[in-house]
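K.L.:
Every position in the first sequence, counted from 1, becomes a number in my numbering once 521 is added.
Using N, Cα and C, we set each Cβ at its ideal position, and we do this for glycine too.
Everything numeric in this text was worked out from a predicted model, so none of it was measured.
Starting off with a structure, shown below.
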Amino acid sequence: MAIQAIKGVKDILPADMPLWQHLEATARRLFEDYGFSEIRVPIFEYTELFARSIGASTDIVEKEMYTFEDRDGRKITLRPEGTAGVVRAFVEHKMYAESQLTRLYYMGPMFRHERPQKGRYRQFHQIGVEALGLDHPHVDIEVLAMLHGLFTRIGVGGLTLQINSLGDSECRGAYRDAIKSYLKARLPTLCGDCQRRYETNPLRVLDCKVDGDKFADSPIMLDYLCTACKEHFETVEAGLRKLDIPFAINPRLVRGLDYYTRTTFELVMGHLGAQNTVAAGGRYDGLVREIGGPATGGIGFALGVERAISLMDSANIALPRPALFLSALGPEAVAFALPVLHDLRSAGIRVDTDYTGSSLKSQMKKADKSGADLTLIIGEEEIKNNKAILRNMKTKEQSVLTLTTLIEDLKKRLLPA
RNA sequence: GUGGGCGUAGCUAAGUUGGUAGAGCUCCAGGUUGUGGCCCUGGUGGCCGCGGGUUCAAGCCCCGUCGCUCACCCCA
Numbered sequence: 522m523a524i525q526a527i528k529g530v531k532d533i534l535p536a537d538m539p540l541w542q543h544l545e546a547t548a549r550r551l552f553e554d555y556g557f558s559e560i561r562v563p564i565f566e567y568t569e570l571f572a573r574s575i576g577a578s579t580d581i582v583e584k585e586m587y588t589f590e591d592r593d594g595r596k597i598t599l600r601p602e603g604t605a606g607v608v609r610a611f612v613e614h615k616m617y618a619e620s621q622l623t624r625l626y627y628m629g630p631m632f633r634h635e636r637p638q639k640g641r642y643r644q645f646h647q648i649g650v651e652a653l654g655l656d657h658p659h660v661d662i663e664v665l666a667m668l669h670g671l672f673t674r675i676g677v678g679g680l681t682l683q684i685n686s687l688g689d690s691e692c693r694g695a696y697r698d699a700i701k702s703y704l705k706a707r708l709p710t711l712c713g714d715c716q717r718r719y720e721t722n723p724l725r726v727l728d729c730k731v732d733g734d735k736f737a738d739s740p741i742m743l744d745y746l747c748t749a750c751k752e753h754f755e756t757v758e759a760g761l762r763k764l765d766i767p768f769a770i771n772p773r774l775v776r777g778l779d780y781y782t783r784t785t786f787e788l789v790m791g792h793l794g795a796q797n798t799v800a801a802g803g804r805y806d807g808l809v810r811e812i813g814g815p816a817t818g819g820i821g822f823a824l825g826v827e828r829a830i831s832l833m834d835s836a837n838i839a840l841p842r843p844a845l846f847l848s849a850l851g852p853e854a855v856a857f858a859l860p861v862l863h864d865l866r867s868a869g870i871r872v873d874t875d876y877t878g879s880s881l882k883s884q885m886k887k888a889d890k891s892g893a894d895l896t897l898i899i900g901e902e903e904i905k906n907n908k909a910i911l912r913n914m915k916t917k918e919q920s921v922l923t924l925t926t927l928i929e930d931l932k933k934r935l936l937p938a
């Protein structure tokens, strides 16, 4: 039995790459327009970092992390999400001292040991941003506008941006108490999962797929927000309207990571399977301090690359193709072609060839398949007569070139003036 | 961790009540001797996921196992 890839991880094959590269390039360009800079942080960290930031009792930390001891006996974890590492780097390099607002983005693999299914893998990729240092609501708006803009630019529609506020340390407690007392009376009628969640994460009960529709009359966070949180949320709301960014308030939107405060949001897509959240994020005003930095605000999001790509239409993504296909017939021509290929490639011209020297018919097929607009034909006769034939694959027009001036001639035709 | 569906060629997939595995696409070579896409002909390519059992005989039936997949849970 041949060795296979680890369960839940995927090879991203050349055929998939145009979509990946297009998404990554579009994101880079957009984020940089907004003043964000790329940061690359390690894919593993000390386990404690994730326990402290994500929350020790969350599912991610309790049962999904790839954690192991390294040879020095220290507990190491493959990152299950991107924010913790970026915030750690922000604090470690004292980036808060450089400017009031630090805008960062990242992309790369994340790891969670879950049972794989559609849109959920054990190694998956996220593109994320973090804006650290300010808790001004306009930063929230900027980040949401950027998220909205990204999906517009990659041509994915039909998504819904849901937003909510989770309040802060001041008002969330009161809401939590209200929910618990609301649920307490109904507890016996709820599903087993909800009874368990009542203890671990009562806010999540409202989001239950089985009993979720029973809670139409439940207390909602927005009614419990303190003045500051309420103002913050209203400013974000007004700003989104002003920028014509469509959204829906979902008072039951709860995040699975403990660090979120105030603004939270999800970008969801119907009919993407059960894993219908394409991107999600929120504000985390307590996190930087928790990691050992100053008390400073932060907000970010991450999008699931595999999920986003499954929504993209590959039809309008240009595939890379050579400018020229060189057909060399017979060993002499193949030998002659070697430096020609080298010179053209060195000059930045994309050239493909087939080294077999086989029949012209089979090479024409390969030239056609390569997508090249032009085919250069060099055979025994051409070598003898100091000629080469240049064929336009679309018009079928052929012209005769001289071998001694071939490279200069081709450069003139194929390089932009 | 729990449940459903599925494993036959590189891909998509037929295979009757058990009787010696067929096809389309791809790939390769031809179809006037040096010209692609369409068409035609031929060829390469299968431990039928793996192991065991029943049987004269197993792709098909039984048991086990591994893998893939979808859903629960959780989340991007």
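1) Could you pull the start and end residues of the beta strand (DSSP E) that L788 belongs to?
2) Roughly how many angstroms lie between the CA atoms of Y780 and A888, to the nearest whole one?
3) Please report the distance separating the alpha-carbon of K933 from that of L668.
4) Pull the bridge partners of E651 from the DSSP assignment, please.
5) What is the DSSP secondary structure of K932, counted as helix, strand or coil?
6) Can you name the start and end residues of the alpha helix (DSSP H) that D889 belongs to?
7) So what's P630 in DSSP terms, helix, strand or just coil?
8) Taking all protein chains shown into account, do 16 or more other C-beta atoms lie within 10 angstroms of the C-beta of R600, making it buried, or fewer, making it exposed?
9) To test your reading of the DSSP string, which unbroken beta strand (DSSP E) runs of 3 or more residues are found completely within the segment 709-760?
10) So the candidates are P658, D591, G713 and A706; which of them puts its Cα closest to the Cα of S686?
11) For T588, which residues does DSSP report across the bridge?
12) For L845, which of helix, strand or coil comes out of DSSP?
13) Measuring CB atoms only, is the segment 604-612 touching the segment 812-825, in the sense that at least three cross pairs come out at less than 8 Å?
14) For E811 and Y805, I'd like the C-alpha separation in whole angstroms.
15) Given a cut-off of 9 Å on the beta-carbon distance, is the pair M742 and R707 in contact?
16) Does V677 come out as helix, strand or coil in the three-state DSSP assignment?
17) Could you tell me the distance, in whole angstroms, from the CA atom of R636 to the CA atom of T579?
P.N.:
Once the coordinates are examined:
1) T782 to M790
2) If you take the alpha carbons of Y780 and A888, they lie about 56 Å apart.
3) 43 Å
4) L625 and G821
5) helix
6) Element bounds for D889: L881 to S891.
7) In the three-state scheme derived from DSSP, where H, G and I count as helix and E and B as strand, P630 is classed as strand.
8) Classification for R600: buried.
9) none
10) P658
11) For T588, the pairing in a beta bridge is given by DSSP as T598.
12) strand
13) yes
14) 10 Å
15) no
16) coil
17) 17 Å
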